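Protein chains in written order, with the working numbering: chain A, 19 to 193; chain B, 219 to 510. Idealized CB from N, CA, C, for every residue including glycine. Please read all numbers here as calculations on a predicted model, not as lab measurements. Each remark here refers to the structure printed beneath this line.
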């Protein structure tokens with residue numbers, strides 16, 4: 019019967035391995051020698067400055083496609099001949115996003131006010147609603163006009179104040 | 219039969235008595251610089267200035283209306299109280315005011331006719347009533363919703379706000395002027411301007427000034443309304459005009475248009491370029507004339 023224990027030998031060899039191993043200094047040169055030759059026309063760069071992965075370059079079919087897409091998007095963003103209709107399908111501008119947020123806040127504020135409107139206020143409230151729509155339409159045409167956002171803010175503020183006054187008047191006396 | 223006749227006559231008089239107007243005749247001494255307030259809903263309010271130290275309120279109240287008043291040495295407040303859900307025809311009132319007071323007027327549908335006053339401050343608010351103000355005021359604020367405003371005031375500060383009411387300002391208005399409306403037209407014929415700010419959505423704008431103070435500023439904004447601005451040829455300011463789809467016509471400067479797409483603008487230096495004039499309209503035309 020043998021006293022040789024194979025598990026014991028394996029453990030002993032594992033313990034004998036160094037904790038850290040450094041890559042050999044000539045590792046890249048030896049690896050590079052085994053690689054296939056570069057494609058013609060490829061730029062020669064110093065090996066110590068750029069790490070290239072030549073095997074993957076042929077698979078980057080999306081690079082020219084992505085570049086073309088980015089270029090077309092950039093061209094679209096700065097092209098001066100865009101028509102107003104084009105802007106309708108464009109992503110909303112910062113001003114439009116602000117206008118959307120303002121409109122939502124305004125609607126919530128109006129909904130929180132009591133119902134009822136004294137007759138003197140009714141035409142003005144309709145006029146303010148029409149004007150707000152007109153301003154929003156103008157913003158859709160020219161989404162980079164900050165004065166339109168100011169006009170919308172003024173119109174909503176006036177509409178809120180008059181809605182409040184009209185409700186107060188309706189709950190009190192009517193003329 | 220003989221006994222019934224006086225009874226019938228008495229019964230016939232009851233509705234007539236019930237519909238009788240109430241006369242108002244009130245006076246109060248107000249210290250110089252004091253405040254006079256009058257609030258009414260319907261009817262008419264006439265205000266006149268006079269050379270006395272007391273304030274007088276006269277007129278008639280329709281049936282059911284009552285005069286409520288609060289008085290002190292520096293202040294008098296008159297308010298016409300209306301029965302709930304009815305105005306019964308409103309009140310016709312005349313207010314005679316001394317000089318140098320602060321005058322606050324508020325109505326709903328009642329017109330306000332103010333003239334001959336010389337007050338420290340004037341504030342007049344109405345909803346659907348028309349508002350006409352003439353005289354002198356150190357500071358003037360005129361607000362309506364749908365009522366028209368006609369201001370012939372010698373005032374260094376005027377602020378007018380309406381929703382659909384037309385705004386006409388002249389008669390010596392100068393200094394700092396603000397006019398804001400939504401759909402009402404704005405017409406301002408001013409003297410020397412320090413600051414003129416006009417905003418409308420669709421109401422046309424017609425402005426004229428005899429001079430722009432050094433460092434003065436004119437700022438006009440509209441969405442769809444046309445803008446006309448007349449100034450003297452000697453005006454000194456940097457002029458900037460922008461319109462998205464409206465035309466620009468100016469006595470000074472050259473209109474620039476992008477090679478492609480909408481929009482036009484104009485930038486010009488008038489004189490030494492001391493003040494600032496800025497006009498913006500989304501779709502309205504803009505006209506600048508230097509012939510005042």
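| How is residue 246 of chain B classed by DSSP in three states: helix, strand or coil? | Strand, per DSSP.
| message | Helix, strand or coil, according to DSSP, for residue 125 of chain A in the structure here? | response | Helix.
| Minimum Cβ-Cβ distance from residue 503 of chain B to chain A less than 8 Å | No, residue 503 of chain B lies away from the interface with chain A (no Cβ there is under 8 Å from its Cβ).
| task | Report the residue from B/326, B/316 and B/406 whose alpha carbon sits nearest the alpha carbon of residue 337 of chain B. | result | Ranking B/326, B/316 and B/406 by Cα distance to residue 337 of chain B puts B/316 first.
| task | Please go through the same chain and pick out, in chain order, the residues whose beta-carbon is closer than 6 Å to the beta-carbon of residue 322 of chain B, but skip the five residues on each side of it. | result | Hits under 6 Å: 255 and 341.
| said: Distance cutoff 8 Å, beta carbons only. Does residue 79 of chain A sit that close to anything in chain B? | reply: Low per-residue confidence applies at residue 79 of chain A: pLDDT is 44, beneath 50, and the placement is therefore not dependable enough to give any value.
| Looking only at DSSP bridge pairs, what is residue 424 of chain B linked to? | Partner(s): B/405 and B/446.
| field | Sheet register partners of residue 341 of chain B (DSSP bridge) | value | Residue pairing by DSSP places residue 341 of chain B opposite B/322 and B/359 in a beta bridge.
| query | When the Cβ atoms of the segment 347-357 of chain B are set against those of the segment 281-300 of chain B, are three or more pairs found closer than 8 Å? | reply | Not touching, per the Cβ criterion.
| request: Ignore the nearest five residues each way along the sequence and tell me which others in residue 174 of chain A's own chain have a CB closer than 7 Å to its CB. | output: A distance below 7 Å between beta-carbons, with the five flanking residues on each side excluded, links residue 174 of chain A to the following residues of its chain, in chain order: 120, 124 and 150.
| message | Is the separation between the beta-carbon of residue 278 of chain B and that of residue 309 of chain B shorter than 8 Å? | response | A contact, by the Cβ cut-off of 8 Å.
| said: Comparing C-alpha positions only, which one of B/471, B/452 and B/398 sits nearest to residue 414 of chain B? | reply: Checking every option, the nearest Cα to that of residue 414 of chain B belongs to B/398.
| query | Which whole-angstrom value describes the C-beta separation of residue 505 of chain B and residue 454 of chain B, a residue pair presumed to lie in contact below a C-beta threshold of 8 Å? | reply | About 20 Å separates the two Cβ atoms, so there is no contact after all.
| Which of the three DSSP states, helix, strand or coil, is assigned to residue 351 of chain B? | Note: residue 351 of chain B maps to strand in three-state DSSP.
| Where do the N-terminal and C-terminal ends of the alpha helix (DSSP H) with residue 472 of chain B fall, by residue? | Here residue 472 of chain B belongs to no alpha helix (DSSP H), and DSSP marks it neither H nor E.
| request: Spatial neighbours of residue 142 of chain A within its chain, please: CB distance less than 8 Å, with the 5 preceding and 5 following residues excluded, ordered by chain position. | output: 180.
| Can you tell me where the beta strand (DSSP E) with residue 493 of chain B in it begins and where it stops? | Run containing residue 493 of chain B: 493-499, per the beta strand (DSSP E) assignment.
| CB-CB under 8 Å to residue 270 of chain B, same chain, minus the five flanking residues each way: which ones, in chain order? | Closer than 8 Å at the Cβ level, and outside the excluded window around residue 270 of chain B, lie 314 and 316.
| field | Members of the segment 151-179 of chain A that neighbour chain B once the beta carbon cut-off is set at 8 Å | value | Correct list: 152, 153, 156, 159, 160, 163, 165, 166, 168, 169, 172, 173 and 176.
| Partner residues on chain B for residue 141 of chain A, Cβ-Cβ distance less than 9 Å | Listed along chain B are 346, 363, 364, 381 and 382, each with a C-beta nearer than 9 Å to that of residue 141 of chain A.
| field | Proximity test, Cβ basis, 8 Å: residue 225 of chain B and chain A | value | With a pLDDT of only 47 at residue 225 of chain B, under the threshold of 50, the placement of this residue in the model should not be trusted, and no figure is reported.
| message | Counting beta carbon pairs with one atom in the segment 152-167 of chain A and one in the segment 495-502 of chain B, are three or more of them shorter than 8 Å? | response | Enough Cβ pairs lie closer than 8 Å, so yes.
| My guess is that residue 265 of chain B and residue 335 of chain B are in contact by the Cβ rule of under 8 Å, so how many angstroms apart are they, rounded? | Confirmed, Cβ separation roughly 6 Å.
| task | Report the neighbours of residue 111 of chain A on chain B: residues whose CB is nearer than 8 Å to its CB, in chain order. | result | Per Cβ cutoff of 8 Å: no residues; residue 111 of chain A is ~14 Å from chain B at best.
| field | Contacts of residue 439 of chain B in chain A (Cβ-Cβ under 8 Å) | value | By Cβ distance, chain A contributes 165, 168 and 169.
| request: For residue 189 of chain A, count neighbouring Cβ atoms within 10 angstroms of its own Cβ and tell me buried if that reaches 16, exposed if not. | output: So residue 189 of chain A counts as exposed.
| message | Comparing C-alpha positions only, which one of B/391, B/423 and B/368 sits nearest to residue 409 of chain B? | response | Ranking the options by Cα distance to residue 409 of chain B, first place goes to B/391.
| field | Coarse secondary structure for residue 296 of chain B, derived from DSSP in three states | value | Residue 296 of chain B: strand per DSSP, three-state reduction.
| message | Just to confirm the assignment, what range does the alpha helix (DSSP H) spanning residue 138 of chain A have? | response | Unbroken run through residue 138 of chain A: none, as it is neither H nor E.
| In chain order, what residues of the segment 257-273 of chain B put their CB closer than 7 Å to some CB of chain A? | Hits within the stretch, in order: 259 and 260.
| Alpha-carbon spacing of residue 110 of chain A relative to residue 359 of chain B, whole angstroms | Going from the Cα of residue 110 of chain A to the Cα of residue 359 of chain B covers about 39 Å.
| query | Considering only the beta carbon of each residue, do residue 325 of chain B and residue 263 of chain B sit closer than 8 Å? | reply | Judged by beta-carbon spacing, residue 263 of chain B lies within the 8 Å limit of residue 325 of chain B, meaning their Cβ atoms are closer than that value.
| Stretch-stretch touch, CB-based, cutoff 8 Å, three pairs: the segment 484-492 of chain B with the segment 413-428 of chain B | In short, these stretches do not touch, since the Cβ pair count stays below three.
| query | Which of the residues in the segment 114-148 of chain A, read from start to end, lie with their CB under 7 Å from any CB of chain B? | reply | The residues in question are 138, 139, 141, 142, 145 and 146.
| Would residue 187 of chain A pass as a contact of residue 132 of chain A if the rule is Cβ separation under 8 Å? | No. Outside cutoff.
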